[in-house]
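> The numbering of the sequence shown is our numbering, which starts it at 137 and goes up by one.
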Amino acid sequence: MSSSILINITRPPTADCEALEYALAMAAFDIDVKILFSGRGIDWLNAGQASRKPGGKSPAKLLAALPMYGIDDIAVVGGPALSDENPKTFDACQTISQQEAANWARGAHHVVSF
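1. In whole angstroms, give me the CA-to-CA distance for residue 192 and residue 142.
2. Can you tell which of 148, 159, 203 has the C-alpha that lies nearest to the C-alpha of residue 247?
3. When DSSP labels each residue in this structure, what does residue 189 get in the three-state scheme?
4. Please report the straight-line C-alpha distance between residue 182 and residue 195, rounded to a whole angstrom.
5. Please confirm whether residue 203 and residue 180 have their CB atoms less than 8 Å apart.
6. Between which residues of its own chain and residue 156 is the CB-CB distance below 6 Å, once the five residues before and five after are set aside?
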């Protein structure tokens with residue numbers, strides 16, 4: 137039985153992009169990773185974001201790397217999360233209900249929030 141982790145991102149991107157870097161690190165060690173974006177965490181999905189510090193990684197590039205690490209369960213909790221003014225840049229992100237998000241949390245061995 138493999139280990140699994142749910143990463144719940146509720147805050148906007150920071151200069152270090154720790155949430156997605158953590159997800160990529162866990163996946164590199166063959167841990168099944170699911171990612172939920174909610175609240176201000178949805179800001180990670182806004183198009184055209186540059187890195188937040190010199191030499192840093194941009195949220196868009198980190199999002200693009202998720203499927204390469206086998207992270208395919210990526211979702212926004214709730215209804216329409218992004219407005220037309222801030223279109224999502226990451227098409228692999230699905231919208232799920234609160235109930236489905238709760239199921240993801242119950243099914244994970246560990247839940248980490250950023």
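Positions of the beta carbon are idealized from the N, C-alpha and C atoms, including for glycine.
Quick caveat, the model's predicted, so the values are computed rather than measured.
Quick answer:
1. Each residue's CA atom was taken as its position, placing residue 192 and residue 142 some 25 Å apart.
2. The shortest C-alpha separation from residue 247 is found at 159.
3. DSSP places residue 189 in the coil class of the three-state scheme, outside both helix and strand.
4. Whole-angstrom Cα-Cα distance: 9 Å.
5. No, these two residues do not count as a Cβ contact at 8 Å.
6. Closer than 6 Å at Cβ, skipping near neighbours: 198.
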